[in-house]
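Residue numbers (UniProt numbering): 1 to 514. From the three backbone atoms N, C-alpha and C, an ideal C-beta is built for every residue, glycine too. Comments concern the structure below.
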Amino acid sequence: MSVPALRILLLNPPHTAIGSRVPREQLPPLGLLSIGGPLLDAGFAVELLDAEFGPMPIDEIVRRVVERAPDLLMVGHSGSTSAHPTIARIAARAKQALPRLRIVYGGVFPTYHWRDVLSREPAVDCIVRGEGERTAVLLAQALARGEEPAGVPGLAYRRNGRIVDTGPAEMLTDLDQARVGWELIDHDRYSYWGGMKAVVQFSRGCPYLCSYCGQRGFWTRWRHRDPVEFAQELARLYREHGVRLINFADELPTGSRKAWKAFLEALIAENVGLTLVGSTRAGDIVRDADILHLYKRAGVTRFLLGIESYSEATLQTIRKGASVREDQQAIRLLREHGIISMATYVVGFDEDGDRDYWNSLRHLLRYDPDQIQLLYATPHRWTPYYGSVAARKVIQTDPRKWDYKHQVLATRGVPPWRVLLWVKAIEAIMQLRPRALYRSLLHPDRDVLRGMRWYVRMGRRVWLRELFEFFFAGGRTRRGPSVEEFWGASLAEHENALAKPQRRRIPIRTLPQA
């Protein structure tokens with residue numbers, strides 16, 4: 001049965017986070033491209049409007065949407081909580097200009113806040129909950145046939161003024177079946193790490209139980225792509241599109257030693273000069289001590305490690321599943337193999353005092369990471385951590401600033417300005433200490449030197465911007481509501497967004513040994 005023509009516009013809205021605006025570099029919108037490929041393969045006419053460029057003002061976005069006059073506008077952003085207010089404004093304006101336009105909204109935030117969104121945003125017609133590759137195609141096919149999508153799992157929409165929930169969609173077990181729609185972008189427009197480009201996903205999810213993580217439950221179960229096919233795709237991006245850098249969007253690309261090793265060996269065999277950067281857990285680096293030389297040969301130049309806290313008690317409370325000793329060992333191992341370590345450290349999990357910030361600085365100096373990024377604890381309603389801070393006061397009531405780079409929770413005994421000074425002082429001391437300066441100015445490894453210098457340039461600008469915004473455009477409140485009053489009751493019981501299929505083993509292809 002042929003599907004009637006349906007014109008679909010994918011919209012990547014502008015993001016207001018400090019880190020998005022300062023570097024003037026951006027990565028392709030992988031989430032939208034991931035649903036774009038299956039929609040194209042299903043026969044739909046699909047375009048992408050990336051409003052991050054500029055960034056594009058809302059008037060211009062609406063003008064371009066009207067100019068294209070699509071039947072279906074699909075919108076979403078990787079920074080979904082802080083992007084939500086902007087998406088709501090765009091949807092309202094687009095619907096006003098094109099009353100017959102159907103607007104579909106996807107991403108992590110709407111996946112969990114679907115009742116609130118559909119109740120408060122009349123311009124949004126439908127929400128895709130969880131992974132969108134299969135659900136978006138089934139939805140578009142149903143709408144193209146003029147049918148109500150009641151039989152499509154993974155949706156929430158209105159019918160006769162009432163909200164309809166079609167239940168959770170089943171997760172994708174074979175990630176290679178849904179290809180990324182790379183043809184929707186011009187790779188030359190995107191850059192990162194000083195002019196190199198691309199963002200990919202080898203795996204989805206994470207098997208660990210960190211109570212504050214807003215991504216783990218969204219993907220529900222850790223899965224990975226075929227290592228050899230994935231390496232071949234990266235090689236094609238290198239040869240056909242001039243891609244030189246690969247930024248992994250995964251929470252844990254190294255989750256399976258066997259699969260990750262097979263990928264590294266396959267990419268080495270492709271003999272392409274890619275630079276790989278991403279995030280992983282310290283435990284996986286320690287586990288892979290004997291194959292870190294393969295990391296380096298394949299092009300791994302930097303891994304971000306979530307250190308989170310100096311306190312073993314806090315690490316246990318947030319269910320990090322890591323130890324202080326393991327974190328320090330991972331940083332040492334990465335340095336021995338010429339791989340940059342970036343440590344992320346979160347303040348505000350507890351009611352920190354001045355002594356806690358002092359201990360954090362001492363702790364990080366002992367760790368000696370190459371790069372450091374301090375973040376603020378930001379509770380998400382669907383995580384177990386949310387319940388533990390539900391009674392704490394909110395000092396930032398603008399959701400656009402719930403992006404980990406702004407203080408959102410009050411700390412008793414330490415005013416926000418002093419928290420900021422502690423954070424900025426720790427970052428400055430860590431990046432200006434002699435060892436860090438040597439690695440940024442004189443490191444003998446050219447790839448490491450490039451990565452260190454790029455981060456210093458970007459980090460300096462972000463550091464100054466955060467100080468300026470805090471004192472001159474903060475928008476904080478002294479008598480804010482509690483977290484629960486601001487967002488609502490906990491949704492932690494619905495943390496797993498996808499239905500789990502019966503477990504099926506994914507065969508791992510490996511290359512023949514030379």
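When DSSP states are grouped into helix, strand and coil, GLN215 belongs to the coil group.
In terms of Cα proximity to THR301, the closest of LEU10, GLY167, ASP284 and ARG446 is ARG446.
Beta-bridge partners of CYS206 (DSSP): none assigned. Per DSSP, ALA262 is one residue of the alpha helix (DSSP H) stretching across 257-270. Straight-line spacing of the CA atoms in ALA231 and HIS494 works out to 35 Å. The C-beta distance from VAL104 to ASP125 rounds to 7 Å, short enough to fall under 8 Å. Residue GLY451 holds the alpha-carbon nearest to the alpha-carbon of ARG439 among ALA428, GLY451 and ILE429. For TYR190, there is no enclosing beta strand (DSSP E), as DSSP gives it neither H nor E. One Cα belongs to ARG239, the other to VAL199, and the distance between them is close to 16 Å. Ranked by Cα distance from GLU351, the options ILE372, THR383 and THR314 are led by THR314. Taking the C-beta atoms as reference points, LEU184 is found nearer than 9 Å to LEU40. Our two residues, ARG120 and ALA92, have alpha carbons roughly 11 Å apart in a direct line. ALA45 is classed as exposed because its beta carbon has fewer than 16 other beta carbons within 10 Å across all chains shown. Counting every other CB atom within 10 Å of its CB across the protein chains shown gives TRP417 a total below 16, marking it as exposed. Counted as a single uninterrupted DSSP element, the stretch harbouring VAL389 is not any beta strand (DSSP E), since DSSP gives it neither H nor E.
Shown here, ALA343 sits in a strand according to DSSP, grouped into three states. Following the DSSP letters along the chain, one finds ILE61 inside the alpha helix (DSSP H) bounded by residues 58-68.
Sorting TYR190, SER341, GLY387 and VAL164 by C-alpha distance to the C-alpha of VAL277 places SER341 at the top. Counted as a single uninterrupted DSSP element, the alpha helix (DSSP H) harbouring ALA298 occupies residues 292-298. Distance from SER490 to ARG381 at the Cβ level is roughly 6 Å; contact confirmed, criterion being Cβ atoms closer than 8 Å. Within its own chain, the residues whose Cβ lies closer than 7 Å to the Cβ of VAL152, once the five positions on either side in sequence are excluded, are THR135, LEU138, LEU139, ALA142 and THR166, listed in chain order.
In this structure, THR16 sits near ARG400, with a CB-CB distance shorter than 9 Å. With 16 or more other CB atoms across the displayed protein chains lying within 10 angstroms of its CB, HIS224 is buried. When only Cα atoms are considered, LEU48 and ALA499 end up about 29 Å apart.
When Cβ pairs closer than 8 Å are counted between the two stretches, the segment 383-395 is seen not to touch the segment 327-334, the count staying below three. GLN407 counts as buried, since no fewer than 16 other beta carbons sit within 10 angstroms of its beta carbon.
Boundaries of the beta strand (DSSP E) harbouring ASN247: 245-248, taken from the DSSP string.
For ARG476, the three-state secondary structure derived from DSSP is strand. Under the three-state reduction of DSSP, THR220 is assigned to coil, being neither helix nor strand. The beta carbons of TRP463 and TYR357 sit about 17 Å from each other, so the pair does not count as a contact at 8 Å. For PRO501 against GLU170, the beta-carbon gap comes to about 5 Å, under 8 Å, which counts as contact. Exclusion of the five residues before and after GLY480 leaves LYS393, VAL394, ILE395, GLN396, THR397, ALA410 and PHE486 as the residues of its chain whose Cβ lies within less than 8 Å of its Cβ.
The alpha-carbon of PRO227 is positioned some 7 Å away from that of TRP260.
Within its own chain, the residues whose Cβ lies closer than 7 Å to the Cβ of SER256, once the five positions on either side in sequence are excluded, are HIS224, listed in chain order. GLU131 and LEU441 have their alpha carbons spaced roughly 43 Å apart. About 23 Å separates the beta carbon of ALA343 from that of LEU294, a gap too long to meet the 8 Å contact definition.
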